[in-house]
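Listed in order, the protein sequences are those of chains A and B.
Under the numbering used here, the first residue of the first sequence is numbered 1, with each subsequent residue one higher.
Under the numbering used here, the first residue of the second sequence is numbered 1001, with each subsequent residue one higher.
Glycine included, C-beta positions come from ideal geometry on N, C-alpha and C.
Protein chains: 2
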Amino acid sequence: MRVIECVPNVSEGRDQAIIRQIVLAVKVAHGVELLDWSADADHNRTVLTYVGEPEAVLTATEALCKAAFRLIDMQKHHGAHPRLGAVDVIPFVPLRGVTNEEAVSLARRLGEWIGEQGVPVYYYQEAATRPERESLPDVRRGEYEGLAARICSPEGEPDAGPAVFNARSGASIVGVRFPLIAFNVNLATDDLAIAKRIAEAVRFSGGGYRYVRAMGVALEGKGQVQVSTDILQYEKTPIHRVLETIRSEAASHGVAVAGCELVGLAPMAAFEEVIRHYLQLHDFSVDQVIESRLLKK
Amino acid sequence: MRVIECVPNVSEGRDQAIIRQIVLAVKVAHGVELLDWSADADHNRTVLTYVGEPEAVLTATEALCKAAFRLIDMQKHHGAHPRLGAVDVIPFVPLRGVTNEEAVSLARRLGEWIGEQGVPVYYYQEAATRPERESLPDVRRGEYEGLAARICSPEGEPDAGPAVFNARSGASIVGVRFPLIAFNVNLATDDLAIAKRIAEAVRFSGGGYRYVRAMGVALEGKGQVQVSTDILQYEKTPIHRVLETIRSEAASHGVAVAGCELVGLAPMAAFEEVIRHYLQLHDFSVDQVIESRLLKK
Chain A
1 MRVIECVPNV
11 SEGRDQAIIR
21 QIVLAVKVAH
31 GVELLDWSAD
41 ADHNRTVLTY
51 VGEPEAVLTA
61 TEALCKAAFR
71 LIDMQKHHGA
81 HPRLGAVDVI
91 PFVPLRGVTN
101 EEAVSLARRL
111 GEWIGEQGVP
121 VYYYQEAATR
131 PERESLPDVR
141 RGEYEGLAAR
151 ICSPEGEPDA
161 GPAVFNARSG
171 ASIVGVRFPL
181 IAFNVNLATD
191 DLAIAKRIAE
201 AVRFSGGGYR
211 YVRAMGVALE
221 GKGQVQVSTD
231 ILQYEKTPIH
241 RVLETIRSEA
251 ASHGVAVAGC
261 ELVGLAPMAA
271 FEEVIRHYLQ
281 LHDFSVDQVI
291 ESRLLKK
Chain B
1001 MRVIECVPNV
1011 SEGRDQAIIR
1021 QIVLAVKVAH
1031 GVELLDWSAD
1041 ADHNRTVLTY
1051 VGEPEAVLTA
1061 TEALCKAAFR
1071 LIDMQKHHGA
1081 HPRLGAVDVI
1091 PFVPLRGVTN
1101 EEAVSLARRL
1111 GEWIGEQGVP
1121 VYYYQEAATR
1131 PERESLPDVR
1141 RGEYEGLAAR
1151 ICSPEGEPDA
1161 GPAVFNARSG
1171 ASIVGVRFPL
1181 IAFNVNLATD
1191 DLAIAKRIAE
1201 AVRFSGGGYR
1211 YVRAMGVALE
1221 GKGQVQVSTD
1231 ILQYEKTPIH
1241 RVLETIRSEA
1251 ASHGVAVAGC
1261 ELVGLAPMAA
1271 FEEVIRHYLQ
1281 LHDFSVDQVI
1291 ESRLLKK
């Protein structure tokens, strides 16, 4: 079974009737599994997470967009979170048996469809058409309120859909990103400086691993500190390598790793390299996990 | 999704037309996935491996039995492998979300059904009704040829079905066993004595782990030796503990672990404790693996 994840951010986090209908559009969609959804009233925004085969996820996302375009009027929208439109951002995340290229082509098919609904579309991150659109904050600059002016300018020209301001729905930002692993390492010390120094050592911005973001955090209740990491591409920088580097750095301060946390979900593939490494199973593949066979149907 | 595995051994390994029909009975069964099947002409025996939800696996197994009882005549059967009947042994292996008790109750339901077809049934291992029937070789003692006499004796009384010799189909042995992990550790030495000594140290019979069988094997082509293990209950004796004990024992001889092998398949749950251990993810659960959510449908 090929699996892609979609995590749309919709600009409504207060009106329960509207939220319910948007969530329902995904819930009733055939062949997708809604893993999570949460509405935030301050942000006035709802985030959904669902997975399934690429075609099923595409169809579910179209249903979600249809509901959101029908129910949300951006002219009345206010909230703390930056946004460009009713369906603000739609990231696709390839999880299993789906290449980056296939995910980008799926994102572009959705973009074309959204464009046909009269809503301008920008592609971002892996699906971006120009370097200056790779970063989501860059694409969202000026927000909904600045869109009418921006959409007519060369740098605001949409990647799909009409180059015309849609007052009701704004614009949608569609893209592809890698699955992110939120992996935290707790250290048996209350010395925050050590956690901060190690975070600096492992993260890309400090000269560390290319696909790692990290920060040092105090865990007040525990009397411990934490190196909190995001692993952006676990195939290139696997979890165990980040842990072992943190362990080695901590040991040089006489500090042990007290325990770790995986926040949220991760695909089976994120553990393939971990199992290969620690069990020295150089030929191990997730295909040897019986559940993989059941998903292949 | 709850998953149980079934690994029936059928007493026909030569007649391709018969083998094909028996395999087909499982292949066309709804909701089960045939992972593997292999026929051995010397043993005159075919082994199938399939998985699915318990009810689907039960139905598929009844279909397989129906085909085998119809097509196989034990009066004409000869082969190297010990056997008691046309469908000789039917082990159920609980893999995911199925308790031992549920698996035993499934095995007993199959046993009742086989009994209703006029074929005597013995329950073995986890499904055994008496201690002397736990071991499969004990149940199979005397084989098909001794069954006519044995079935009338108190110690040969079947657990289900008629206490009457069925000349055509013999008897069936139905049971429940744990999933077995075949895990091999290769050592960077050609000294077989070291592998044998370590195998003795980790296996139950030598005073080692309760659920481990092991032997030392020479890997001629590689110039290495192997500690070949079977882990009978990975929840009680997890894979990493066996590896780390072998590593420690090998190190005391100045020998390193060159690499490991997982033979065949293993359920996701067999890696849960491995990931918890090495990544120090004390709260990790296979429910955090996205694919688990897809199987829950």
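Put simply, of A:Gln16, A:Pro8, A:Ile4 and A:Val10 the residue whose alpha carbon is nearest the alpha carbon of A:Gly31 is A:Ile4. For chain A, the residues of the stretch 1259-1271 of chain B that bring a beta carbon within less than 8 angstroms of one of its beta carbons are Gly1259, Cys1260, Glu1261, Leu1262, Gly1264, Leu1265, Ala1266, Pro1267, Met1268 and Phe1271, in chain order. Those residues of the stretch 278-296 of chain A placed with their C-beta closer than 9 angstroms to a C-beta in chain B are Tyr278, Leu279, Gln280, Leu281, His282, Asp283, Phe284, Val286, Asp287, Gln288, Val289, Ile290, Glu291, Ser292, Arg293, Leu294, Leu295 and Lys296, ordered along the chain. When the beta-carbon positions are compared, A:Met215 and A:Ser205 stay at least 7 angstroms from each other.
With respect to chain B, the C-beta atom of A:Val98 has no partner C-beta closer than 7 angstroms. Assigned with DSSP and collapsed to three states, B:Tyr1209 falls in coil, not helix or strand. Bounds of any beta strand (DSSP E) do not take in A:Cys152, whose DSSP letter is neither H nor E. Among the residues facing chain A, B:Glu1235 is not included, as its CB has no counterpart in that chain under 7 angstroms away. A:Leu136 and A:Val274 have their C-alpha atoms roughly 31 angstroms apart. Within the stretch 1065-1122 of chain B, the complete alpha helix (DSSP H) segments of 4 residues or longer fall at 1100-1116, listed in chain order. The shortest CA-to-CA distance from B:Glu1033 to any of B:Val1202, B:Ala1041, B:Val1023 and B:Thr1237 is the one to B:Val1023. Here B:Glu1220 is exposed. Its C-beta has fewer than 16 other C-beta atoms within 10 Å. For A:Asp159 against A:Val121, the beta-carbon gap comes to about 6 angstroms, under 8 angstroms, which counts as contact.
DSSP places A:Ser292 inside the alpha helix (DSSP H), whose first and last residues are Ile290 to Leu295. A contact between stretches requires three or more CB pairs, one per stretch, nearer than 8 angstroms, and the stretch 279-294 of chain A meets this requirement with the stretch 1238-1256 of chain B. A direct Cα-to-Cα measurement between B:Val1139 and B:Cys1260 gives close to 35 angstroms. Within chain A, Ile290 and Arg293 have C-beta atoms less than 9 angstroms from the C-beta of B:Leu1035, given in sequence order. Per DSSP, reduced to three states, the secondary structure at B:Ala1056 is helical. A Cβ-Cβ separation of about 16 angstroms leaves B:Ser1038 out of contact with B:Val1051 under the 8 angstroms criterion.
What A:Val3 touches in chain B, judged by beta-carbon distance under 9 angstroms, is Ile1290, Glu1291 and Leu1294, going in chain order. Note on geometry: alpha-carbon atoms of A:Phe284 and B:Glu1012 lie some 33 angstroms from one another. Annotation for A:Asp138: the continuous alpha helix (DSSP H) segment containing it runs Leu136 to Arg140. Chain-ordered listing is empty here: chain A has no CB closer than 9 angstroms to the CB of B:His1077, the nearest sitting near 32 angstroms.
The DSSP-derived three-state label of A:Asp36 is strand.
Within the stretch 153-240 of chain A, the alpha helix (DSSP H) runs of at least 4 residues that lie entirely inside it are, in chain order, 192-202. In the displayed model, A:Thr61 falls within a helix according to three-state DSSP. B:Leu1058 and A:Gln125 have their C-alpha atoms spaced approximately 49 angstroms apart. By the neighbour-count criterion, in which a residue is buried when 16 or more other Cβ atoms sit within 10 angstroms of its Cβ, A:His77 is buried. Around the beta carbon of A:Cys65, a 10 Å sphere encloses 16 or more other beta carbons of the protein chains shown; the residue is thus reported as buried. Taking C-beta separations shorter than 6 angstroms and ignoring five residues to either side along the sequence, the partners of A:Pro238 in its chain run Glu273, following chain order.
Take the alpha-carbon of B:Ala1107 and the one of B:Trp1113: they are about 10 angstroms apart. For the stretch 1212-1240 of chain B, the residues whose beta carbon sits under 8 angstroms from a beta carbon of chain A are, in order, Ile1239 and His1240. At a cut-off of 7 angstroms between beta-carbon atoms, B:Leu1095 makes contact with chain A. Under a 10 Å Cβ-count criterion, B:Val1289 is classified as buried, with 16 or more other Cβ atoms of the shown protein chains found around its own Cβ. Counting along the chain, B:Val1003 sits inside the beta strand (DSSP E) bounded by residues Val1003 to Cys1006. If you draw a straight line from the Cα of A:Gln16 to the Cα of A:Gly79, it comes to about 16 angstroms.
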